[in-house]
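Q: Pasting in a structure now, in structure tokens, and then I'll have a few things to ask.
Residue numbers (this note's numbering): 119 to 342.
Written out as structure tokens, the structure is:
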């Protein structure tokens with residue numbers, strides 16, 4: 119009984135961990151920045167950081183490696199087309215795309231946009247008329263794209279400004295967005311993709327050649 123209590127407590131603890139939101143902060147101020155926060159853990163991707171290059175070891179004489187027998191995807195694809203036909207293959211591909219669309223849509227609905235702030239300033243110190251035309255095109259594109267984004271991800275704390283500075287020739291972008299999602303929904307989407315994809319693969323799976331040869335042998339034996 120104690121073991122059951124321990125297992126139940128462990129499962130409850132893991133469930134609470136998956137229900138704790140994962141926060142992400144995106145920033146762009148001349149360079150891109152990303153910060154992830156989960157519980158008391160923080161991870162920052164600093165702009166401009168490059169991994170330290172380690173000295174490369176001296177090349178050793180190449181040895182002949184035994185070829186590993188991996189899955190023959192090209193052969194399996196040809197066999198699927200031969201057995202199921204082009205229609206069956208396209209139907210399976212369509213089912214896979216529908217599965218991806220449903221799963222990504224559900225996951226997108228679980229994603230919360232906590233804050234969105236975009237300030238875009240165009241430099242127009244050169245040709246004022248061309249700068250005004252560019253400002254109109256950029257404004258229409260930015261406001262239209264952000265309107266579609268806010269339709270998918272409603273956000274209460276949002277700010278959007280497109281400006282034009284006739285005294286500068288430098289374009290400036292200041293962007294900040296904060297998002298959050300519960301890992302439970304990410305895990306749920308991954309499992310849905312896994313089991314749904316396995317179901318589609320089973321419908322498309324071809325018969326192995328060994329079983330086909332056995333069937334042919336049984337047919338010959340029955341005729342004899």
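Don't be surprised by glycine CBs; every beta carbon is placed ideally from N, CA and C.
Quick check: the Cα distance between residue 309 and residue 136, rounded to an integer number of angstroms?
A: 14 Å
Q: Need the endpoints of the alpha helix (DSSP H) that residue 313 sits in, please.
A: 301 to 322
Q: Compute the Euclidean distance between the alpha carbons of residue 121 and residue 133, then round it to the nearest angstrom.
A: Roughly 18 Å separates the two Cα atoms.
Q: Considering only their Cβ atoms, is the gap separating residue 253 from residue 278 smaller than 8 Å?
A: no
Q: Out of curiosity, what's the CA-to-CA distance linking residue 217 and residue 209?
A: Between residue 217 and residue 209, the C-alpha separation is close to 12 Å.
Q: Counting pairs of beta carbons, one from the segment 263 to 275 and one from the segment 304 to 318, are three or more of them closer than 8 Å?
A: no
Q: For residue 130, which residues of its own chain have a beta-carbon under 7 Å away from its beta-carbon, when the five flanking residues on both sides are left out?
A: none
Q: Could you compute how far the alpha carbon of residue 257 sits from the alpha carbon of residue 283?
A: 14 Å
Q: Tell me which same chain residues have a C-beta within less than 7 Å of the C-beta of residue 305, skipping the five on either side of it?
A: 136
Q: Output needed for residue 169: all residues of its chain with C-beta closer than 7 Å, excluding positions within five of it in sequence on either side, in chain order.
A: With a pLDDT of 49 at residue 169, under the threshold of 50, the modelled position of this residue cannot be trusted; read the value that follows with caution. Excluding residues within five positions, none has a Cβ falling inside 7 Å.
Q: Grab the span of the alpha helix (DSSP H) containing residue 284 for me, first residue to last.
A: First-last for residue 284: undefined, no H or E at that position.
Q: CB-CB under 6 Å to residue 294, same chain, minus the five flanking residues each way: which ones, in chain order?
A: Result list for residue 294: 145 and 235, in chain order.
Q: Below 8 Å CB to CB, which residues in the same chain sit around residue 300 once its five sequence neighbours on both sides are set aside?
A: 136, 137, 138, 139, 140 and 228
Q: Do residue 286 and residue 241 have their beta-carbon atoms positioned less than 8 Å apart in this structure?
A: yes
Q: Could you tell me the alpha carbon to alpha carbon distance between residue 314 and residue 221, rounded to whole angstroms?
A: 10 Å
Q: For residue 231 and residue 271, which I take to be in contact (beta-carbon distance under 8 Å), what is that distance rounded to the nearest angstrom?
A: Approximately 4 Å separates the beta-carbon atoms of residue 231 and residue 271; this is inside 8 Å, confirming the contact.
Q: Kindly indicate which three-state DSSP category residue 140 falls into: helix, strand or coil?
A: strand
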